[in-house]
Structure formats: C-alpha cells, structure tokens
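Quick note: to get my numbering, add 319 to the position in the sequence shown (first position is 1).
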Amino acid sequence: MITEPKLAKPGAGLPFAEWAVAKYIMLPRLLKNTDKDKALDSFAQESKQILTIVGQLSSENLSKRRLIPRLRGLEDSSRYWSVAMTLQHLVIVGDSMRQVILQLSSGIKPPKPVRTADVKPDSSLDIENILKDFEQMSEQFLKETAAADIEAFPQLMHAHPWFGPLNARQWLIFAAPHQKIHHKQIEVIIDRL
C-alpha cells in the first residue's frame, strides 16, 4: 500500500513571495497586455497541447498518481495527483470560470465564493471519460465566453481566492495561465510514469 505524502491542506495558497509577485507584477502585466482574442487563443492552444500530450496515455497511466516537486503557481496540496486528476481539476475550474464569466458579463454577481478546496479532484474519478470531459469543457468554454460581452459590466467583480476581485474580462484572461500551470504539472507527472 502506498502511503499518502504529507502535504499542506487545500487552500493553503502559494508561498508569500511567489503570491506577491504573481498578484502585483505578473497578473497586472498579463491584464494590461492581453485582449479577449488573445485570451481565447491562448486558452485554445493550451487545451490543444494538453490533449495532444495526454491522448496517447493508457487508462493505467492516466490514473497513476505521482508526487512531483512544487511548481510555480501550484499549491502544495496539488503535488500528488495523477494526469486524470489534473484533467478533472481543469474541468472543474474551467466550468466554474465559464459560469463566473457569463454571469459577470450578464450583470449578475455570482452567489458562491470561489474556494480552492472546492476545485480539488477526486482520486476515484471516471478515467474512461476524462479526456472527453476535458475536451467538452474546453469547447464549451471557448464557444460561450467568445460570445459573452466581457466589457459590459467592468465594475462587477467576483473574488478569486488568491488574487481578489476580478471582472469578467480579467477572469477570461486568467483562464489560459491557469491551464498552462497544470499543463506543466501534467508534463512533470508524465516524466515520472
């Protein structure tokens, strides 16, 4: 029996210096230099690249959990996942971000706060459908957010658990970098299979 490693609890966040650089330097630069089309294209490219690298994995390899070093932008509690768990997290977060973006774009304040612990995957997930679920999430995200008027209510915001209040445009711009962090995580997990 494999012993679970002792990791920080979900929601513990990033080390302070890393969080501060991300919040006060990287995120503002990203928001300044990214428009809607670039954000959508980046999200599409990340999804495509992820599907390419995971598409040839067996169900067994999709489900093998591996302990990886903590990567920049990755919470400690997320270091002992399988590729399938990482994909499930991306589906959960992608669907949640899409809903937040659509609500904010329609002038509706999302009622539920976003909590990191709520978007962690379940190790007993459905391996057989995870690739299809990820692909469907990506397609729905791109289709629906492309049609949304993300500039309609720029003052209406919903709090990100690490970065504070974001409007619809900011949530959309943040989506691809989130995918990129977990794309790297998937690559590191695959290297350890």
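Just so it is clear, CB atoms sit at the ideal spot from N, CA and C, and this is done for glycine as well. If you're wondering where the values come from, they're calculated on a predicted model, not measured in any experiment.
When burial is assigned at 16 or more other CB atoms within 10 Å of the CB, is residue i buried or exposed?
| i | result |
| --- | --- |
| N486 | buried |
| A316 | The requested residue 316 does not occur in the structure, where the chain is confined to residues 320 to 512. |
| A339 | exposed |
| E323 | exposed |
| S443 | exposed |
| T353 | buried |
| A494 | buried |
| L376 | buried |
| S270 | Summary: the structure shown does not reach residue 270, with the chain confined to residues 320 through 512, and so no result is reported for it. |
| L409 | buried |
| I344 | exposed |
| Q474 | exposed |
| Q504 | buried |
Who does residue i pair with in a DSSP beta bridge?
| i | result |
| --- | --- |
| H479 | G483 |
| Y343 | Beta-bridge pairing links Y343 to no other residue. |
| W400 | R385 |
What three-state label does DSSP hand residue i in the structure shown?
| i | result |
| --- | --- |
| L386 | strand |
| D510 | helix |
| Q375 | coil |
| T464 | helix |
| P496 | helix |
| I420 | helix |
| R488 | helix |
| Q474 | coil |
| D354 | coil |
| L333 | coil |
| I505 | helix |
| R391 | coil |
| A436 | helix |
| A327 | coil |
| I469 | coil |
Between residue i and residue j, how many whole angstroms is the CB-CB distance? I'm expecting something under 8 angstroms.
| i | j | result |
| --- | --- | --- |
| P440 | M404 | 4 angstroms |
| S424 | I469 | 5 angstroms |
| R389 | I508 | The pair is not a contact, with the Cβ atoms about 13 angstroms apart (cut-off 8 angstroms). |
| I500 | L393 | 6 angstroms |
| A467 | I420 | 6 angstroms |
| V402 | V373 | 6 angstroms |
| Q498 | E337 | The pair is not a contact, with the Cβ atoms about 19 angstroms apart (cut-off 8 angstroms). |
| E454 | L370 | 6 angstroms |
| R398 | L326 | 6 angstroms |
| F362 | F460 | 7 angstroms |
The segment 477-485 / the segment 430-438 touching (three or more Cβ pairs under 8 angstroms): A contact exists between the segment 477-485 and the segment 430-438.
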